[in-house]
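Take a look at the structure:
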């Protein structure tokens with residue numbers, strides 16, 4: 022084809038040009054494939070489809086190839102692209118040789134060199150990416166690839182001067198080769214999966230990754246912000262100002278002024294040569310409870326010649342959560358011919374206030390071999406609480422300490438949770454593990470017993486009918502509701518008690534005597550909101566009241582039984598556990614008072630004194646449902662002896678009788694309460710906590726109105742309250758009495 026006109030290829034078919042064409046109007050490939058040789062394809066070509074050079078000999082295409090189409094080299098010959106080509110489609114070298122003279126291939130073209138083919142440079146060349154099993158010879162020039170940001174793999178032979186990786190993708194070199202000018206990872210990742218002889222540089226934010234199958238012979242220089250990963254073999258000196266990691270081998274001198282992070286979470290980086298960490302360098306070590314180098318923690322192992330390590334800069338520890346045993350050692354740097362220097366700063370050595378890693382420092386194993394060693398140090402939980410310690414937290418912490426040795430299963434889970442806590446978090450944990458809340462049930466059963474005998478005393482205050490000698494049947498219903506009070510570090514409990522009592526008594530002259538029985542329920546809510554429960558039980562007793570002139574005396578004997586069900590919640594690692602308790606309690610009570618009546622005309626003004634004695638307990642029990650956080654709780658004493666002083670007032674005005682009673686109680690025996698427990702399955706973990714109990718002083722108040730109903734019946738209703746340091750209760754009591 023000759024002349025000044027142009028050639029336009031349309032349609033999907035292949036057009037082959039085999040003549041010696043001389044037309045000058047240019048060529049446009051709009052569709053399909055245009056096939057030819059450097060003789061038939063000449064001049065400028067606008068390629069928006071496919072152009073194929075099928076040369077068996079040696080030829081040069083000197084035109085400019087533009088457009089979005091692809092370029093393919095077939096056959097055994099060679100084609101030199103000497104023009105300024107800007108096409109963006111893919112380039113495929115399927116056979117022979119494609120020679121690029123600096124601007125021969127479009128900068129964004131994805132180049133694939135097939136097996137047996139060759140890409141050769143006669144000038145610095147930029148391409149979009151490189152792939153394939155064919156060979157690449159850069160000559161004295163540099164091939165820049167990767168700008169299109171894709172990930173590709175080249176498994177052929179790479180030779181010549183230099184290769185520069187740009188763009189965001191991962192470029193894997195899986196063949197062999199030698200580059201005298203080096204491999205430059207300027208962006209993205211260069212992965213070495215084959216065997217290459219070449220120096221390498223790694224720019225900031227770029228990565229050089231020597232895979233386990235890879236071997237790189239040549240010095241490696243990593244800039245600040247770079248990433249170098251060695252899981253294979255590097256033979257050469259490594260100067261790292263970025264981050265150097267991996268579990269491979271470096272044969273040479275390693276100088277670290279950036280971050281050296283051996284291992285693959287974790288692993289051992291072997292240096293057959295020497296290690297020098299500068300003052301700006303950081304050695305980053307991951308630790309786990311399994312103190313086995315390579316699988317349980319990171320290690321740098323320096324061997325060979327000279328086999329020395331020089332330390333400076335920072336040691337940055339990153340311990341993972343787990344159960345660490347005190348005294349466990351970690352040899353994080355080993356050197357067959359010794360270690361000099363030391364780290365100026367150690368970070369991450371304190372996992373929590375209770376667990377840390379002490380730098381034992383350089384230790385000689387078998388001279389001249391030395392290691393840099395860390396040792397696990399435990400601080401007692403009670404000590405680690407610091408300013409947050411109080412007697413109860415210390416007691417629980419000391420009991421909890423016994424769980425550490427040999428902890429497995431859920432016990433280990435508890436210990437790990439504590440070990441990884443701040444002092445404030447541990448304080449909350451020990452508060453929740455404490456059985457302190459159960460002390461409130463001893464108080465509850467005392468109060469249930471006191472309210473039972475109090476209903477009897479209220480009944481005895483009421484005037485008897487004029488039909489003396491008759492028996493009386495009576496019944497009462499009552500309720501008191503109270504808010505608990507905290508005192509110092511002790512936590513109070515809200516307490517609501519409701520119940521009923523029935524009785525029968527007989528009068529003979531100055532003596533009245535009878536029997537009573539009752540049932541009540543105490544609802545207990547620990548003020549922290551972590552424990553709730555009820556004490557439900559019955560009471561039975563006998564009583565007698567004697568009057569001689571102005572002197573009166575009465576005595577009550579009662580037995581109180583309680584069925585207790587309670588729960589306690591514990592938060593462990595974000596999960597809430599519920600410990601359930603079920604037990605019984607019992608109490609024996611004796612109450613006696615002696616009074617002197619100053620009233621006249623049927624009115625009573627009677628000061629009195631007395632003693633209120635209680636002996637009982639909440640029986641021991643074992644919690645369920647909280648696994649290793651469940652407790653064995655010992656019996657809880659409900660003993661109490663009070664000295665009483667008070668005043669009864671009764672004013673009879675026709676059928677209505679106002680009444681009031683105030684009693685002051687003073688506790689004669691010890692006011693402190695306690696609960697002793699141990700963690701279920703560990704008898705050696707016993708501890709005792711102090712509980713909030715009714716204090717030395719209490720004031721009981723009753724005030725109301727009684728009304729006679731006929732000659733043999735009466736009814737009353739009034740206020741009933743109790744005031745003391747642990748709780749104030751307010752309530753109401755009503756009674757009905759019949760004589761017969």
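Numbering (the working numbering), first residue to last: 22 to 761.
Note that beta-carbon positions come from the ideal geometry of N, C-alpha and C, so glycine has one too.
Asked                                                                                                                        : Found
Span of the beta strand (DSSP E), counted from its first residue to its last, around residue 412                             : Taken as a continuous stretch (DSSP letters only), residue 412 belongs to no beta strand (DSSP E), being part of the alpha helix (DSSP H) at 412-422.
Other residues of its chain near residue 166: CB distance less than 6 Å, five sequence neighbours each side excluded         : 148, 150, 151
Pair within 7 Å by beta-carbon distance, residue 330 and residue 360                                                         : yes
Simplified DSSP state of residue 251, which is helix, strand or coil                                                         : strand
Residue 571 burial status per 10 Å Cβ neighbour count (16 or more: buried)                                                   : exposed
Every unbroken beta strand (DSSP E) within the stretch 162-242, with a cutoff of 3 residues, ordered by chain                : 163-166, 173-175, 178-186, 191-194, 197-206, 210-213, 216-218, 221-223, 228-231, 236-238
Per-residue DSSP class, three states only, for residue 475                                                                   : helix
Exposed unless 16 or more other CB atoms sit within 10 angstroms - verdict on residue 627                                    : buried
Burial state of residue 664, where buried means 16 or more other Cβ atoms lie within 10 Å                                    : exposed
Stretch-stretch touch, CB-based, cutoff 8 Å, three pairs: the stretch 367-379 with the stretch 337-356                       : yes
Alpha helix (DSSP H) segment containing residue 669, residue limits                                                          : Counting along the chain, residue 669 falls outside any alpha helix (DSSP H), though it belongs to the beta strand (DSSP E) covering 661-671.
Residue 22 beta carbon less than 7 Å from that of residue 12                                                                 : This structure cannot speak to residue 12, because the chain is shown only from 22 to 761.
Proximity to residue 169 [Cα-Cα], best of 209, 134, 154                                                                      : 209
Given 8 Å, three or more beta-carbon pairs between the stretch 133-148 and the stretch 108-122                               : yes
Sub-7 Å separation of residue 533 and residue 524 beta-carbons                                                               : no
Option nearest residue 74 by Cα separation, candidates 108, 115, 175, 88                                                     : 115
Paired residues, beta bridge with residue 272 - DSSP                                                                         : 256, 293
Residue closest to residue 370, alpha-carbon to alpha-carbon, out of 413, 309, 357                                           : 309
Selection from 652, 742, 649, 218 that minimises the alpha carbon distance to residue 683                                    : 742
C-beta atoms of residue 242 and residue 222 nearer than 7 Å                                                                  : yes
Three-state secondary structure (DSSP) of residue 738                                                                        : strand
Pairwise C-alpha distance: residue 447 and residue 603                                                                       : 27 Å
CA-to-CA distance, residue 102 to residue 178, given in whole angstroms                                                      : 22 Å
Beta-carbon proximity list for residue 549, same chain, < 6 Å, skipping 5 on both sides                                      : 512
7 Å Cβ cutoff met for residue 237 and residue 213                                                                            : yes
Three-state secondary structure (DSSP) of residue 541                                                                        : strand
Per-residue burial, residue 622 [other beta carbons within 10 Å of its own, 16 or more giving buried]                        : exposed
Within 7 Å, strictly: CB atoms of residue 556 and residue 585                                                                : yes
Contact set for residue 489: own chain, Cβ-Cβ below 7 Å, skip 5 residues either direction                                    : Note on residue 489: pLDDT 49, under 50, position unreliable in the model; no value is reported.
Three-state secondary structure assigned by DSSP to residue 378                                                              : strand
Beta-carbon separation (whole angstroms), residue 319 vs residue 287, contact threshold 8 Å                                  : 4 Å
Three-state class that DSSP yields for residue 39 in the structure shown                                                     : coil
Test item: CB-CB of residue 713 and residue 745 under 7 Å                                                                    : no
Neighbourhood of residue 400 by C-beta distance below 6 Å, restricted to the same chain and skipping five residues each side : 375
Nearest-angstrom Cα separation, counted from residue 480 out to residue 531                                                  : 16 Å
Outcome for residue 761 when other beta-carbon atoms lying within 10 angstroms are tallied against a minimum of 16           : exposed
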